[in-house]
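Notes to accompany the following structure.
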Amino acid sequence: MFSYFANPERFERLARVVTPWAWGGAAVLFAIGLPWALVISPPDYQQSETVRIMYVHVPSAWLAMAAYAGLGVSSFIYFIWRHNLADLAARALAPAGAVFAALCLVTGALWGRPMWGAWWVWDARLTSMLVLLLLYLGYMALRAAIEDEKLAARAGSILAMAGLINLPIIKFSVDWWNTLHQPASVIRFDGPTIHASKLWPLSVMALAFTALLTALVFSTMRTLILERRAAVLERKREQRLEAEASEGFAE
Amino acid sequence: MSAALALFSRELKLAWAGGGGPAGPAAFNLAALALAPLAIGPDGDTLAAAGPGVIAFAALLATLQPAERLFGEDAADGTLELYALSGAGLATAVLMKTLAFTLAVFWPIAPIAFIAALAYGLEAGPALILSLALLLAAPGLALIAAFAGALAAGLKRAGLLIALIAAPLQVPLLVFAAGAGRAAAEGTGLEGANLMMAAAGSLAALALAPLGAAAALRARLE
């Protein structure tokens, strides 16, 4: 399957369909989810209105983690099979995931101030998310520091895979270190403990964020492909001009 | 194996004598530990409570400090190419080099931790546990720093990049090493578990970091 979509032509055909649908889907889902989550849904009996932050906070956290998983998997595919598109996917996923991680931390701080009485507490989940953000930043800084594009891709893929292996260990060590954050309440074996009046808008918001990430990744990948193509054309033009100039000298 | 041993003894001699040997990171470690109380304040209880964490953190910084020259010089002068051709394999070369470097350059971390822990007001027992924890964690910290150093070898401003790459990966070792010292100081009885986890972290780094670093260096040679 990876090899099938490694063909840029085939990817372009897929992307041409997926990109507008993802953007459109994100727009529609946000149009439904934002008013539902931020205005219509009932306030919480304990957290009152501040519960609405959760509708942005939780999907950002999910997507930040999902994007890192995607980054690790596409890095693996690139490292083993050297499919350029996998590298482009990794390049597109990193900044998007970093923004989601940052959004998760900021909304968490805004929620923590009224609920916990502090902007920031050194709790296990917050700290893991902060470390995840650092992993994203390290990945992007490494890629930005290496000028050679192939080498940047190789080094980046190695770092992303190392981060993916390390992430569960970091998570475990930080859990070991301290736990204050409420335990997961949606994805559990015995079904969600969150009330349906909140679960529905949360689901719509999660889908909206997913559609947004998909749209961002596909758009960025297409832009990167076009950039590369433009660079090749530019180089060809320069070569032609040089050849013409040297012919002119010969005459 | 003889190639690996030859590599080990060469790197050991170079790390011991060249570039000041253990003096640079040890001085850096000591400076960090001397400055921290000036920032925290002279209150004995606060210092004793913060001690294990500050000392483990200073040890982490000390392992990051020489990571830039670990592979940076080898990449610049062609030693890497020779290692890749040596028949021992790049991963073995990385492993031998990092272990030799840890042995020659990072050995002061444990004694410094012991003395600093006493200076921060910990009892001798917890100080010894903390020192042992850092002895166990130091190879792992060094291997992760070496992995980051291999990724950033030969780049401009590699030092900053190495810190940014290595720091999140070193989180578990920092947690367990400092945790062992804290558990011993607070008497929670968890120091044994923390020591084992620190050793496990070092062993995991021992298994994975040389492969990752070798892959990074090979990408540079192609």
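Chains as they are written, first to last, in the working numbering: chain A, 6 to 256; chain B, 2 to 223.
All residues carry an ideal CB built from backbone N, CA and C; glycine is no exception.
Inter-residue Cα distance where the pair is R62 (chain A) and Y144 (chain A): Position 57 of the first sequence, counted from the first residue, corresponds to residue 62 (chain A). Position 139 of the first sequence, counted from the first residue, corresponds to residue 144 (chain A). As written in the sequence, residue 62 (chain A) is His, which differs from the Arg given in the question. CA-CA distance, H62 (chain A) to Y144 (chain A), rounds to 23 Å.
Helix, strand or coil at R44 (chain B) [DSSP, three-state]: Locating residue 44 (chain B) in the second sequence gives position 43, counting from the first residue. In the sequence on display, residue 44 (chain B) carries Asp and not Arg. In the structure shown, D44 (chain B) sits in coil (DSSP, three-state: anything other than H, G, I, E or B).
7 Å CB neighbourhood of E14 (chain A) in its chain, flanking five on each side removed: Along the first sequence, one-based indexing puts residue 14 (chain A) at 9. Residues of the same chain with their beta carbon placed closer than 7 Å to that of E14 (chain A) are lacking, with the five preceding and five following residues left out of the count.
Selection of the segment 134-152 of chain B by Cβ proximity to chain A, strictly under 8 Å: Cβ contacts with chain A come from F148, L152.
Boundaries of the alpha helix (DSSP H) in which G122 (chain A) is found, first to last residue: In the first sequence, counting from the first residue as 1, residue 122 (chain A) sits at position 117. Counting along the chain, G122 (chain A) falls outside any alpha helix (DSSP H), and DSSP gives it neither H nor E.
Residue burial classification, M197 (chain B) (beta-carbon count within 10 angstroms, cutoff 16): Numbered from its first residue, the second sequence carries residue 197 (chain B) at position 196. When all chains shown are included, M197 (chain B) counts as exposed.
V33 (chain A) versus L212 (chain A) - alpha carbon distance: Within the first sequence, numbered from 1, the residue matching residue 33 (chain A) stands at position 28. Within the first sequence, numbered from 1, the residue matching residue 212 (chain A) stands at position 207. Cα to Cα, V33 (chain A) sits roughly 11 Å from L212 (chain A).
Reduced DSSP secondary structure (H/G/I, E/B, other) of K241 (chain A): Your numbering for residue 241 (chain A) matches position 236 in the first sequence. In the structure shown, K241 (chain A) adopts helical secondary structure according to DSSP, grouped into three states.
Assigned secondary structure, W108 (chain B) (DSSP; H/G/I helix, E/B strand, else coil): Numbered from 1 along the second sequence, position 107 holds the residue referred to as residue 108 (chain B). Correct three-state label for W108 (chain B): coil.
Outcome for W86 (chain A) when other beta-carbon atoms lying within 10 angstroms are tallied against a minimum of 16: In the first sequence, the residue the question calls residue 86 (chain A) occupies position 81. Classification for W86 (chain A): exposed.
Inter-residue CB distance, L138 (chain A) and A107 (chain A) (contact presumed, cutoff 8 Å): If you number the first sequence from 1, residue 138 (chain A) lands on position 133. If you number the first sequence from 1, residue 107 (chain A) lands on position 102. Right, their Cβ atoms sit about 6 Å apart.
Check whether L131 (chain B) and L123 (chain B) have beta carbons under 9 Å apart: Working through the second sequence from its first residue, we reach residue 131 (chain B) at position 130. Working through the second sequence from its first residue, we reach residue 123 (chain B) at position 122. Between L131 (chain B) and L123 (chain B), the C-beta gap is smaller than 9 Å, which places the two residues in contact.
Rounded C-alpha distance that separates A138 (chain B) from F148 (chain B): The residue labelled residue 138 (chain B) in the question sits at position 137 within the second sequence. The residue labelled residue 148 (chain B) in the question sits at position 147 within the second sequence. One Cα belongs to A138 (chain B), the other to F148 (chain B), and the distance between them is close to 15 Å.
Three-state class that DSSP yields for S87 (chain B) in the structure shown: Sequence index remark: in the second sequence, residue 87 (chain B) carries index 86 (1-based). For S87 (chain B), the three-state secondary structure derived from DSSP is coil.
Neighbour list for P38 (chain B) in chain A, Cβ cutoff strictly below 8 Å: Indexing the second sequence from 1 puts residue 38 (chain B) at position 37. Within chain A, no residue comes near P38 (chain B); the closest Cβ sits about 21 Å away, beyond 8 Å.
Proximity of A159 (chain B) and A167 (chain A) at Cβ, strictly below 9 Å: Looking up residue 159 (chain B) in the second sequence gives position 158. Looking up residue 167 (chain A) in the first sequence gives position 162. Contact flag unset, no.
Any C-beta of chain B under 9 Å from that of V23 (chain A): Position 18 of the first sequence holds residue 23 (chain A). Contact of V23 (chain A) with chain B is not assigned, every C-beta pair being separated by 9 Å or more.
Cβ-Cβ separation, E82 (chain B) to L222 (chain B) (assumed contact under 8 Å), whole Å: Position 221 of the second sequence, counted from the start, is the residue given in the question as residue 222 (chain B). Position 81 of the second sequence, counted from the start, is the residue given in the question as residue 82 (chain B). Taking the Cβ atoms as the reference, L222 (chain B) lies roughly 6 Å from E82 (chain B), within the contact range of under 8 Å.
C-beta atoms of L174 (chain B) and A199 (chain B) nearer than 9 Å: What you label residue 174 (chain B) is simply residue 173 of the second sequence in a count that begins at 1. What you label residue 199 (chain B) is simply residue 198 of the second sequence in a count that begins at 1. Result yes, Cβ atoms of L174 (chain B) and A199 (chain B) sit closer than 9 Å.
Element boundaries [alpha helix (DSSP H), containing S85 (chain A)]: By 1-based counting over the first sequence, the position of residue 85 (chain A) is 80. Note that residue 85 (chain A) is Ile in the sequence shown here, rather than Ser. Taken as a continuous stretch (DSSP letters only), the alpha helix (DSSP H) holding I85 (chain A) covers 59-86.
Neighbour flag for A1 (chain A) against chain B, beta carbons, 9 Å: Outside the displayed range of chain A (6 to 256) lies residue 1 (chain A), so it cannot be described from this structure.
C-beta neighbour in chain A for P173 (chain B), strict 9 Å: Residue mapping note: residue 173 (chain B) aligns to position 172 of the second sequence, counting from 1. Interface residue, yes.
Residues of its chain near A101 (chain A), where Cβ-Cβ distance is below 7 Å and the 5 sequence neighbours each way are ignored: Walking along the first sequence from the start, residue 101 (chain A) turns up at place 96. Within the same chain, Cβ atoms closer than 7 Å to the Cβ of A101 (chain A) are found at A72, L218, L221, V222, the five residues on either side in sequence being excluded.
Distance between R70 (chain B) and N195 (chain B) (C-alpha atoms, nearest Å): In the second sequence, residue 195 (chain B) corresponds to position 194, counting from 1. In the second sequence, residue 70 (chain B) corresponds to position 69, counting from 1. Approximately 31 Å between the Cα atoms of the pair.
Sequence-distant residues of the same chain with beta carbon closer than 8 Å to T112 (chain A), five excluded per side: Here residue 112 (chain A) corresponds to residue number 107 of the first sequence, with the count starting at 1. Cβ contact annotation for T112 (chain A) (same chain, cutoff 8 Å, sequence separation greater than five): I58, V61, H62, S65, in chain order.
Any chain B beta carbon closer than 9 Å to L185 (chain A): Residue numbering aside, residue 185 (chain A) sits at position 180 when the first sequence is read from its first letter. Residue confidence for L185 (chain A) is low, a pLDDT of 45 falling below 50, so the modelled location carries little weight and cannot support an answer.
Own chain, CB closer than 7 Å to A31 (chain A), minus 5 neighbours either side, in chain order: In the first sequence, residue 31 (chain A) corresponds to position 26, counting from 1. Excluding residues within five positions, the ones whose Cβ falls inside 7 Å are A213, A216, L217, A220.
For P48 (chain A), the three-state DSSP class (helix, strand or coil): Counted from its first residue, the first sequence places residue 48 (chain A) at position 43. In the structure shown, P48 (chain A) sits in coil (DSSP, three-state: anything other than H, G, I, E or B).
Under 9 Å between C-beta atoms of A105 (chain B) and L13 (chain B): Counted from its first residue, the second sequence places residue 105 (chain B) at position 104. Counted from its first residue, the second sequence places residue 13 (chain B) at position 12. Yes, the pair counts as a contact, with Cβ atoms nearer than the cut-off.
Chain A within 9 Å of R158 (chain B), Cβ atoms only: Looking up residue 158 (chain B) in the second sequence gives position 157. Contact with chain A is found for R158 (chain B), since one of that chain's Cβ atoms lies less than 9 Å from the residue's Cβ.
Of the residues B:G150, B:A101, B:A68, B:A179, the one placed nearest L133 (chain B), counting alpha carbons only: Along the second sequence, one-based indexing puts residue 133 (chain B) at 132. Checked all of B:G150, B:A101, B:A68, B:A179; the closest Cα to L133 (chain B) is B:A179.
Limits of the alpha helix (DSSP H) - the one that D78 (chain B) falls within: Reading the second sequence from its first residue, position 77 is the one you call residue 78 (chain B). For D78 (chain B), the enclosing alpha helix (DSSP H) has its first and last residue at 68-78.
Separation of D128 (chain A) from L110 (chain A), as counted between CA atoms: On the first sequence, residue 110 (chain A) is found 105 positions in, with the first residue counted as 1. On the first sequence, residue 128 (chain A) is found 123 positions in, with the first residue counted as 1. If you draw a straight line from the Cα of L110 (chain A) to the Cα of D128 (chain A), it comes to about 12 Å.
Opening and closing residue of the alpha helix (DSSP H) in which D128 (chain A) lies: One-based indexing of the first sequence puts residue 128 (chain A) at position 123. Note, D128 (chain A): premise wrong, no alpha helix (DSSP H); not H, not E.
Minimum C-alpha distance to A208 (chain B) - residue among B:G52, B:F9, B:T93: Position 207 of the second sequence, counted from the first residue, corresponds to residue 208 (chain B). For the residues B:G52, B:F9, B:T93, the minimum Cα distance to A208 (chain B) belongs to B:T93.
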